[in-house]
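Peer 1: In the working numbering, the protein residues as written are 767 to 988. Just so you know, even glycine gets a beta-carbon here, dropped at the ideal spot from N, CA and C.
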């Protein structure tokens, strides 16, 4: 089987994870990483023994006619900028849906979408361009915008997520709720009402109890 040759933008841990997943999927051959000039490259890190090129002239080494592209960056705004620049260079951007994710045939995805293992996406869901779904659950008839990142989040049915929004670990959104654009929904948040644009939500951090673990066990769990 002919494997698709892929260039990945990014040199962080997420890019390393994506490179590993794509290389072991059976359909892709990751040939190189790239970053913008000025990004510090750790000379002591192996980066899976892949060469690293400058994004500014990447097309001179890997022609958009022969190679496809994927942007493995967690920051939504950086990912959006590189997405647009990659399109200007003529690259086709792949989308990846893990074989270990639960999805249905009528799932609609844009370009540069990544759906990881452990994700569950019900029928009648639409996902825009350049969106990353990490081990999240998305209810039926939901609409996920462009440049979104869901990290271990839970969305009920008929939820809408605006462009460039981020939902953190264990965040939950009630059914029939609209999340605006450029929102940051922090870890553990439960959103039950529509949000506006450019809003940030968080919950209080876990507090330390004034008791030792041993005393707690003896008092409450014995």
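May I ask you to verify whether the stretch 827-836 touches the stretch 883-895, counting CB pairs closer than 8 Å and requiring at least 3?
Peer 2: no
Peer 1: For the beta strand (DSSP E) containing residue 890, list its first residue and its last residue.
Peer 2: Residue 890 -> no beta strand (DSSP E), and no H or E assigned at all.
Peer 1: Spell out the partners DSSP gives residue 898 in its beta bridges.
Peer 2: 880, 915
Peer 1: Helix, strand or coil for residue 921 per DSSP?
Peer 2: strand
Peer 1: With burial defined as no fewer than 16 other Cβ atoms inside 10 Å of the residue's Cβ, what is the status of residue 975: buried or exposed?
Peer 2: exposed
Peer 1: By how many angstroms is the C-alpha of residue 771 removed from the C-alpha of residue 792?
Peer 2: 12 Å
Peer 1: For residue 835 and residue 859, which I take to be in contact (beta-carbon distance under 8 Å), what is that distance rounded to the nearest angstrom?
Peer 2: 5 Å
Peer 1: Near residue 940, which residues of its chain fall below 6 Å by C-beta distance, leaving aside the five closest residues on each side in sequence?
Peer 2: 922, 958
Peer 1: Measure the beta-carbon distance from residue 783 to residue 837 and round it to whole angstroms, keeping in mind my assumption that it falls under 8 Å.
Peer 2: About 14 Å; that fails the 8 Å criterion.
Peer 1: Between 985, 982, 945, which has its C-alpha nearest residue 967's C-alpha?
Peer 2: 945
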